[in-house]
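Chains as they are written, first to last, in UniProt numbering: chain L, 1 to 572; chain G, 1 to 804. Note that the Cβ used here is the ideal one computed from N, Cα and C, for glycine as well. The block underneath contains the structure these notes are about, expressed in structure tokens.
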């Protein structure tokens, strides 16, 4: 992929100005270093409404196929033309050209001035076990606008994976978008069959899940270390950006980017833990190090012991990094407002005290607390009650418009279309779902967890419960529950790969099914359409590490989200 | 020794043998080469003939019309057409003034009347390139072309025999070569472009290196008359043809003479020359080494002995074994030679014998690559099939290797030999798509009389042979041939939606295209169809079409929202979605606000309010949108009030803030009456009013006013807002005025804790009998040992009470 981008630049000779879609720059930085770009004579800019000031006569645009971006490009080119500047324009679409975008370019009469190409970046590996399609608007576009472009994109990405890993024999989908993706994937397999001489496919099962099926989980505050980092500091493309003073670097007002991925051994160890436990673990580690240090300084040690100590010292920068981060996080987690919110989330999930919840949210609106925070709880409230009685619904909407401004009618309209904040039309079945899937677990041990509920200190995320069942036994045993959740479900088993006769004839091949040739476990790919939270990923990693689990789990998602970023997409 | 008769037909040129087996007896009748202009394609290609108008036409014996006829190499007529273009030579004259031209591979070099030299490097894409001007005053004596693959520049180069020397002409330069070598009458470049054979005015054959630096050999002919034809035969001999004599000259030794009593045409090939006469086609080429080793008279080489052994074996003679013993150690090379020789053979029985000899020898050698024989059989099967006189492509094995199987197949399908090409591609494990596709297209063109349904059946029957074949391409061809209905039927079978849908559009099946595009899930295709229909149909009809299809409709709305706002309104109005028009208008009113022209308080508020009122009106048309209608009404009212406030306060800080913000701003400015007015105007609840006023007063730190407010009447939501505002502002003493008034002991405890009063917090908590709360509060006071112990004692007491 990196080579492809470099080639684009190489093929355009001389100095050029590379203008990229700001939404792409983060993910591209995971693939190509900006120094590499400079080596090829490229000036780097972000695409905005503002005209680009540059001496370069060659402009290279690298953008997602979004309609509004076309307007920016057109106005920039018009601007150059008005000034009498003659430039060469290159436009690369990620991941592919789009008729609608080109139509705008045609109508604006700039199409023939552009040399158009494609940069087929369909998915980005965020970590060893996480792939992202980087479609941050996918959920909103599907449920509000009915624009299902992202579904084709997802199916295409999975189909591309199949060319490397073989056709995935089992596909289980829940939700409108997911079943559609399974369907499109099927068509793609018919149009372009994956050659089946690869033996046993590496990915045994594909589980597709709509975010719409479980909007409760992302609305709750994540309590894992990585989840909390995202909630409070915002993790972007595997890094958080914060004031350098927090990390103990004294540089006035400078921002610092702290990378967060599994190449940091300590982070890999603690990222999925409940934050309470992380604090304890860090304390233990620090204490043991301090002890070692006192021993070193007081008693004479053998060389090998010294060596061990020095080895431990090597992990000191990581220790300091995470102690700093944890300390910074605890300034947020110890606030009464945060604790109050956690309480309320719990009450909302339990769905037993309607009036308490209603009054709490009403008061938040009256106090004009940040709109997104209010909407997060409101959505949670509405979903667990299958909407609100008309009187309450209209009242809260009016209070919202009065407190935050009438322009938010559009936001409310979006939320209503998405079914996130709406009028009640039937009795809520949340309690049934909650009970049947044991979503609220009493006495959750966060230190030595035995259930995924540890990630929310007592609430087991619905999405992951469904995945747990899907992996273990397929949809059939929980079909009745699935019917209570939004959207249809589907389950298919491909006979396609039974065509390799050697496979059928090996006795006991069923046992081999789960194992790929070299003894690794085969994979389950869990794809979240509409985004997944870090806490849910942690829960999946927990499942994968459990004894008796036959698979490694890989997560695919349209985007890593949290309640805040998810609600934000609906705000206009 | 066997094979005496074989070697008897060879001619020796110095130390090399040549042979010229007859490939075909020509099947044509009444074709006289002298009376026709004839051109032949290399690689066993077809022969084109046209009557030479310079010759006398025999009336009654032939048609008076001039016809261009194409024959296979075996003389079977493939096609003929009446030739109307006047002109001397049998080439397509694309420039009227061409006087001389030379072809090579896929290109041609021409000289026009003004002696300008042009090259067309690719006839498929005829674009002429003018070569450098060499100031010719008359036509050169002779021309030769060096093909691009053999030149340094990679472009074609032309040799012209001018005066006593040769000019080498390129695109950007002319070079003089071989000055004084004597006027050249004829020139031919060798196959590899390294050597040039030429015939001088004084009757010498000269073979020189391409740069004229080195004369390889020279032969003085008996006559100074230039030969009719001059050609290379392979790499090491040159053929000269006069009237009835063909002379083969090699670098050493005496030339070989062949006498012909009928006219012939030399057709150079990479490994020899084909000789076409009125009655036969021969192939003159060097006898390959392997063949020599077997058939040379008196040969005792292992290959010859192996061949002999087979003969003995067939006659059940024990000598077979003796022969084998003799050559035991060199058996593999003998086998190899037999296989190789079989490949060069045109005579099928001879091929068979040689291969049997090889197979016989192979049985006795352990380490021989067994698939060599199989491979050779495969090649020969293909060669024999195409050499059959009905097909008439006399390829040698060398030519076949150079031509490649896929080109051969293309030639076969161009000659409509579909069955054979299908069989060959199947036999060689090649993709049959090319064949089937070509067949299908030809079939469609040729089947004007067959009804669509039956033709479809015929086509499908064959198309299904090939998985992944493009039905769309066949359908496109059908459409081009005016069979739109057949095209529609064919395209139904195309599995690739990205190919299928554009085709549906091009044959006017928009509705089917739309359905298929939606099914495919590829929104790009849906857009393609939507735009197409949009352009083609009147608006109302277009609206109707997409309204019935949710995905198409939603995509159109998404696009139009971004780019065709007004058109979208028309759409919503046509479908009766008034509320959506209202939302659009409302949105427009915000766009106006964002417009920098709309500075606060400017007359632009008028248009904004009008838009909002229009929206309100539209909302009120439907029962379901009473809420929106009321909201729009309030919004318009708010804008008016804010406008008035800005006028009266002379401060542009009101417009576009919310109702709550407006109230707060009024209080902060001390304008309580205005705040009250907004409150009543919009029926703001007492609850919200209290929060707003308390926070606003805390903002300006007017603690007296706050206290006064708290005493106005019993606050409807208690004293919590007062406590929170004071605590947030860090005013402990102010907070203490209200904390005792809190009704809930839990709230009281937490409030005390927040201002650091542990003892009071603990008391309140124990009053609430809440152990969990005590635990939490203890954490808050973790640094304070004294406070911490208070909580422990209290908690112990509490749990004790709980037990009892």
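Cβ-based burial, residue 507 of chain L [other Cβ within 10 Å; buried from 16]:
Its pLDDT being 37, under 50, residue 507 of chain L is placed unreliably in this model, and the value from its coordinates should be taken loosely. Its Cβ having fewer than 16 others within 10 Å, residue 507 of chain L is exposed.
Cβ-based burial, residue 700 of chain G [other Cβ within 10 Å; buried from 16]:
exposed
CB of residue 87 of chain L within 8 Å of CB of residue 80 of chain L, strictly
yes
Which of the three DSSP states is assigned to residue 181 of chain G in this structure?
coil
Proximal residues of chain L, C-beta to C-beta of residue 524 of chain G below 7 Å
98, 99
Backbone CA spacing between residue 259 of chain L and residue 225 of chain L [nearest angstrom]
14 Å
Against chain G: residues of the region 124-153 of chain L by CB proximity under 7 Å
145, 146, 147, 148, 149, 151, 152
Are the C-beta atoms of residue 10 of chain G and some chain L residue less than 8 Å apart?
no
What does DSSP give as the partner residues of residue 296 of chain L in its beta bridges?
DSSP lists no partner for residue 296 of chain L.
For the region 5-39 of chain L, which residues have a CB atom closer than 8 Å to at least one CB atom of chain G, in sequence order?
none
Members of the region 648-669 of chain G near chain L, C-beta cut-off 9 Å:
Flagged, chain order: 656, 657, 658, 659, 660, 661, 664.
Three-state secondary structure (DSSP) at residue 690 of chain G?
In this structure, residue 690 of chain G counts as helix in the three-state DSSP scheme.
Length of the line joining the Cα atoms of residue 632 of chain G and residue 615 of chain G
7 Å
Give the single residue among G:630, G:678, G:555 whose Cα lies nearest to the Cα of residue 644 of chain G.
G:678
Using the Cβ count rule (16 or more neighbours within 10 Å means buried), how would you classify residue 279 of chain G?
Classification for residue 279 of chain G: exposed.
From the DSSP secondary-structure annotation, give me the bridge partner or partners of residue 119 of chain G.
G:109, G:129
Residue 272 of chain G - containing beta strand (DSSP E), residue span:
From DSSP, the beta strand (DSSP E) with residue 272 of chain G extends over 272-277.
Looking at the unbroken alpha helix (DSSP H) that takes in residue 335 of chain G, where does it start and where does it end?
331-344
Does the beta-carbon distance from residue 566 of chain L to residue 174 of chain L come in below 8 Å?
no
Let me know the secondary structure DSSP gives residue 469 of chain L once reduced to three states.
Reduced to three states, the DSSP call for residue 469 of chain L is helix.
Quick one: residues in its chain with C-beta nearer than 6 Å to the C-beta of residue 710 of chain G, no 5 flanking neighbours on either side, listed in chain order?
722
Closest Cβ-Cβ distance between residue 500 of chain L and chain G: below 8 Å?
Caution applies to residue 500 of chain L, whose pLDDT of 38 falls short of 50 and renders its modelled position unreliable; the value that the coordinates give is listed next. By this cut-off, residue 500 of chain L is not an interface position.
Tell me whether the region 396-413 of chain L and the region 447-467 of chain L touch, counting them as touching only if at least three CB pairs, one residue from each stretch, are closer than 8 Å.
no
Could you pull out every residue in the same chain whose Cβ sits closer than 6 Å to the Cβ of residue 96 of chain G, ignoring the five residues on either side in sequence?
Residue placement at residue 96 of chain G is flagged as unreliable, the pLDDT there being 45, under the threshold of 50; the coordinate-derived value follows with that caveat. Hits under 6 Å: none found.
Quick one: what's got a C-beta closer than 6 Å to residue 15 of chain G's C-beta in the same chain, skipping five residues either side?
Within its own chain, no residue has a Cβ closer than 6 Å to the Cβ of residue 15 of chain G once the five positions on either side in sequence are excluded.
Sequence-distant residues of its chain with Cβ nearer than 8 Å to residue 218 of chain G (five each side left out)
In the same chain as residue 218 of chain G, and ignoring 5 residues on each side of it, the C-beta atoms closer than 8 Å to its own belong to 204, 205, 206, 207, in chain order.
Do the CB positions of residue 73 of chain G and residue 281 of chain G come within less than 8 Å of each other?
yes
Secondary structure, alpha helix (DSSP H): runs of 4+ residues fully inside the region 411-487 of chain L
430-436, 462-473, 479-482
Just to confirm the assignment, what range does the beta strand (DSSP E) spanning residue 58 of chain L have?
Per DSSP, residue 58 of chain L belongs to the beta strand (DSSP E) from 58-64.
Let's test the definition: count the other Cβ atoms within 10 Å of the Cβ of residue 280 of chain L and tell me whether it reaches 16, buried, or not, exposed.
exposed
Out of L:216, L:23, L:155, which has the shortest C-alpha to C-alpha gap to residue 532 of chain L?
When each option's Cα is compared against that of residue 532 of chain L, the closest is L:216.
Chain G beta carbons: is any one of them nearer than 8 Å to that of residue 421 of chain L?
no
For chain G, find out if any of its Cβ atoms is closer than 8 Å to the Cβ of residue 189 of chain L; answer yes or no.
no
Does DSSP put residue 754 of chain G in a helix, a strand or coil?
helix
Which same chain residues end up closer than 6 Å to residue 582 of chain G when comparing Cβ atoms and leaving out the 5 residues on each side of it in sequence?
615, 618, 619
Less than 8 Å between the CB atoms is what I'm expecting for residue 306 of chain G and residue 361 of chain G, so what's the real figure, rounded?
At roughly 5 Å, the Cβ-Cβ gap stays under 8 Å, so residue 306 of chain G and residue 361 of chain G are in contact.
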